[in-house]
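Chains A and B, in that order, are what the protein sequence lines are.
Each step along the first sequence adds one to the number in the numbering used here, with nothing skipped, and position 49 is 49.
The number in the numbering used here is simply the position in the second sequence, starting from 1, with 1000 added.
Every residue gets a Cβ at the ideal spot worked out from N, C-alpha and C, and that includes glycine.
Below: one structure, written as C-alpha cells.
2 protein chains.
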Amino acid sequence: MAEPPCVAVIFSSTRTTDDTEGYGAMADRMEALATRQDGFLGLQSVRDTGTGEGITVSYWSDEAAARAWRGVAEHVAAQELGRTRWYARYEIVVATVTRRYGSDAPAG
Amino acid sequence: MAEPPCVAVIFSSTRTTDDTEGYGAMADRMEALATRQDGFLGLQSVRDTGTGEGITVSYWSDEAAARAWRGVAEHVAAQELGRTRWYARYEIVVATVTRRYGSDAPAG
C-alpha cells in the first residue's frame, strides 16, 4: 500500500480525557473519510488507551494529495476539535517514502 | 527532535502471543540501545495490547545512521527473534522528512 515514491503523514498525539463532541465516532469517521480521498494509499493507526498515546500513519500518492486531505472541510472541523479538546499534544511529520520491506511487503 | 531533513523509520507490527525469549525486556533494551546510536534523533512507540498492533517511529540524522542501526549485532539478533517468534507480521517504511508541525513543534 505504500510503494515508493509516496508520502507518509505521521500523526502522533496524546489524548486528553475529554470525550465530548464524540471523539471516538469522529475518529472512526475521519478514518473512513480519508480512505475515500484521491491519492489515499493506506492507513495504520494504534492507540494505547492506557497512556493515551497514539500514532496514525497515512500514506498518499504525493504531497498534493496529503495537503488536500488536510483541507477537507469536515477534516478541518475535526482538527479544530482535536486542538482544543481531544489532544493534550500532537505532532505531524510529513515524509517521502524511499524504501519499504518486511513480512508483508512485496519481494524486491 | 525530527527537524527536516532527517530520516523516519516507521516499524509497524502485529504481535503473536509468544512471549518467550523475553519479548518485553528485549523491546525495552532495543529502545534504550537505539537512543545511544550515532545519528539517533528520537523515537515514538505505541502498542495496543488488546489487538497486538504496534507502531514505532524512530528518527535519524540520515539514511546511513538508520542503516547502521539495522546492522548493530544485538539488534540483528532481536530482529531474528522478531521474525521467527514475536511478530505475526511486520513492515518497515523508510522515509525522508520534509515537514513537521503541531503543538509540540517549533514555530515556522
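Going by the DSSP bridge assignment, what does residue i pair with across the sheet?
i, result
"Glu1053/B", "Thr1014/B"
"Glu1063/B", "None, per the DSSP bridge assignment."
"Glu1080/B", "DSSP, once it has assigned bridges, lists no residue as partnering Glu1080/B."
"Ser1058/B", "Val1009/B, Leu1043/B"
"Glu91/A", "Ser12/A, Gly1102/B"
"Val97/A", "Ala1095/B"
Contact criterion: CB-CB distance below 9 Å. Does residue i meet it with respect to chain B?
i, result
"Asp28/A", "no"
Take residue i as the anchor and find which of the options has the nearest alpha-carbon.
i, options, result
"Trp1086/B", "Ala77/A, Thr98/A, Ser103/A", "Ser103/A"
"Asp1062/B", "Thr1098/B, Ile1055/B, Ala1025/B, Asp1018/B", "Thr1098/B"
"Ser13/A", "Thr20/A, Trp60/A, Ser45/A", "Ser45/A"
"Ala77/A", "Phe40/A, Met26/A, Val7/A, Glu3/A", "Met26/A"
"Glu1021/B", "Thr1084/B, Val1094/B, Ala1088/B", "Thr1084/B"
"Arg47/A", "Ile55/A, Leu41/A, Gln79/A", "Ile55/A"
"Tyr1059/B", "Ala1095/B, Glu1074/B, Glu1080/B, Ala1073/B", "Ala1095/B"
"Ala1068/B", "Tyr1090/B, Gly1039/B, Arg1089/B", "Gly1039/B"
"Ala1073/B", "Gln1037/B, Ala1088/B, Thr1049/B, Ala1008/B", "Gln1037/B"
"Thr35/A", "Ala65/A, Arg15/A, Gly82/A", "Ala65/A"
"Thr1017/B", "Glu1080/B, Arg1029/B, Glu1053/B", "Glu1053/B"
"Leu28/A", "Glu80/A, Arg100/A, His75/A, Tyr101/A", "First, the residue type needs correcting, since residue 28/A is Asp and not Leu in the sequence shown. Nearest C-alpha to Asp28/A: His75/A."
"Arg111/A", "Tyr101/A, Ala88/A, Arg100/A", "Nothing in the structure corresponds to residue 111/A, since chain A is present only between 1 and 108."
"Leu1081/B", "Tyr1023/B, Leu1033/B, Arg1100/B", "Tyr1023/B"
Would you say residue i faces chain A, with C-beta separation under 9 Å as the test?
i, result
"Tyr1023/B", "no"
"Tyr1090/B", "yes"
"Arg1085/B", "no"
"Gly1108/B", "Model confidence at Gly1108/B stands at a pLDDT of 44, short of 50, so the residue's coordinates are unreliable and nothing is read from them."
Less than 8 Å between the CB atoms is what I'm expecting for residue i and residue j, so what's the real figure, rounded?
i, j, result
"Leu43/A", "Glu31/A", "6 Å"
"Val1057/B", "Ile1010/B", "5 Å"
"Arg1100/B", "Pro1005/B", "About 11 Å; that fails the 8 Å criterion."
Does the beta-carbon of residue i, which I'm using as the reference point, lie nearer than 8 Å to any heavy atom of the ligand PLP?
i, result
"Gly1054/B", "As presented, the structure is devoid of all ligands, the ligand PLP included, so that no description of it is given."
Legend entry - Contact set between the segment 45-79 of chain A and chain B, restricted to residues whose Cβ is under 7 Å from the partner: Val46, Arg47, Asp48, Glu53, Gly54, Ile55, Val57
Inset, instruction - Can you give me, in chain order, the residues of the segment 1092-1104 of chain B that have a beta carbon less than 7 Å from any beta carbon in chain A? - result: Ile1092, Val1093, Val1094, Ala1095, Thr1096, Val1097, Thr1098, Arg1099, Arg1100, Tyr1101, Gly1102, Ser1103, Asp1104
Legend entry - Proximal residues, the segment 5-19 of chain A versus chain B, C-beta separation under 7 Å: Ala8, Ile10, Ser12
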